[in-house]
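Residue numbers (my numbering), protein chains in the order written: chain A, 50 to 289; chain B, 24 to 218.
Some notes on the structure that comes next.
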């Protein structure tokens, strides 16, 4: 029996607490009768275990009684209420307020967009009602080929161009229509109800805002559904 | 027998055989604590333990003088054997009043013979200063005598941590106890009590 064995196996405590088998206890007694160190440890352990037993019987090892037994439930209640309050505040701060702010921002943006739109319409209306100088005139002639299109020059001040098409005399009440198509075939504009004027021509104005730079086809037909094309002109819009 | 340092068992035996008075005193001082402890452990009575100690050493001295100890180096084992016999005889003695703890209808005694009043007071003061978990461990392990698994469950820790808690609890107790005893002994001017 070595000291390492005794320490590793907890022999001293087991002996003092009578947990050792009789043969091991006898062997350990043989050892500590010769070993001063182990006998001192046995003696100290015996007193310690006796002290713990004594303390246990006297209630010295029991947990101390709570001084204010109501304090813990009250504290728990206050904590719970605080948590609920904090959660409510957090919900308002981080969920409801941002939602309302976003909705308010959206409403403000919509109102601003409305005001901008109104201002734009007012501006356009003012321009439309104002006289315009140097209105470009495109006199459309069917005889011009793709290499020599009817062209008009427009600039930033130009709001419309005047289309002029000479036609032969027509019976009274005959009306014509114009379809202006972009090079891709898409109809960019259509004008209905054209009648031959006293100068023997059809005259129509076309808003420049709807015409980008490029070459357009202008088809003339009677102003009736599925009417055949009477003539086709090429119109080149050129911006300065 | 040498005059310097503690005498060996062989020297003590030889001194006794030669009629050296100090040999008997030395032998008694060396082994009486062990014999007394063993007797007190088994009989739980200071009076019985004192009787066992006296009877044991009477028989040891007589046996040595009668040349019944063949190997002086085995003196410790020889004394232990005689002490065990005397303890057994005391148990069987018709004159011995049964100790309180041996009576089945009585609860275990409050006062332990291993502790004096001073030690009890120091222990109570020490325990009051321990952490609640350390105190709980000491109660579950040393008083309620629960197995490691149950202690782990009650304290709410893993089983493999019970050993660590035990180590810390014992260390705290030892340090606190020593500190309090040192303070008390300093005030009284007495040597420190060992636990």
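Each residue gets a CB set at the ideal place from its N, CA and C atoms; glycine is no exception.
- When the beta-carbon positions are compared, residue 209(A) and residue 256(A) come within less than 8 Å of each other.
- Residue 188(B) does not reach chain A, its nearest Cβ partner there being about 14 Å away, counting only Cβ pairs nearer than 7 Å.
- At a cut-off of 8 Å between beta-carbon atoms, residue 95(B) makes no contact with chain A.
- The C-beta separation of residue 196(B) from residue 153(B) comes to about 6 Å, placing the pair in contact by the 8 Å criterion.
- Interface residue (Cβ-Cβ distance to chain B less than 8 Å): residue 103(A) is classified as such.
- Contact with chain B is absent for residue 71(A), since none of that chain's Cβ atoms lies less than 8 Å from the residue's Cβ.
- Judged by their CB atoms, residue 82(B) and residue 110(B) are not nearer to each other than the 8 Å cut-off.
- Distances from the alpha-carbon of residue 87(A) to those of 286(A), 152(A), 61(A), 223(A) put 61(A) closest.
- Under DSSP, residue 236(A) forms a beta bridge with 230(A).
- In the displayed model, residue 117(B) falls within coil according to three-state DSSP, outside both helix and strand.
- Fewer than three Cβ pairs drawn from the region 233-251 of chain A and the region 140-157 of chain A lie within less than 8 Å of each other, which leaves the two stretches out of contact.
- Contact note: residue 79(A) reaches chain B through 99, 100, 103, using a C-beta cutoff of 8 Å and chain order.
- Contact of residue 92(A) with chain B is assigned, a C-beta pair being separated by under 8 Å.
- Of all alpha-carbon atoms in 77(B), 84(B), 170(B), 190(B), the one lying nearest the alpha-carbon of residue 37(B) is that of 84(B).
- Residues of chain A with a Cβ closer than 8 Å to the Cβ of residue 146(B) are, in chain order, 100, 103, 104, 109.
- In this structure, the beta-carbon distance from residue 199(A) to residue 261(A) does not fall below 8 Å.
- As far as DSSP is concerned, residue 221(A) takes part in no beta bridge.
- Contact between residue 213(A) and residue 187(A) is confirmed by a C-beta separation of about 7 Å, below the 8 Å threshold.
- CA-CA distance, residue 266(A) to residue 173(A), rounds to 27 Å.
- The Cβ-Cβ distance between residue 82(A) and residue 102(B) falls below 8 Å.
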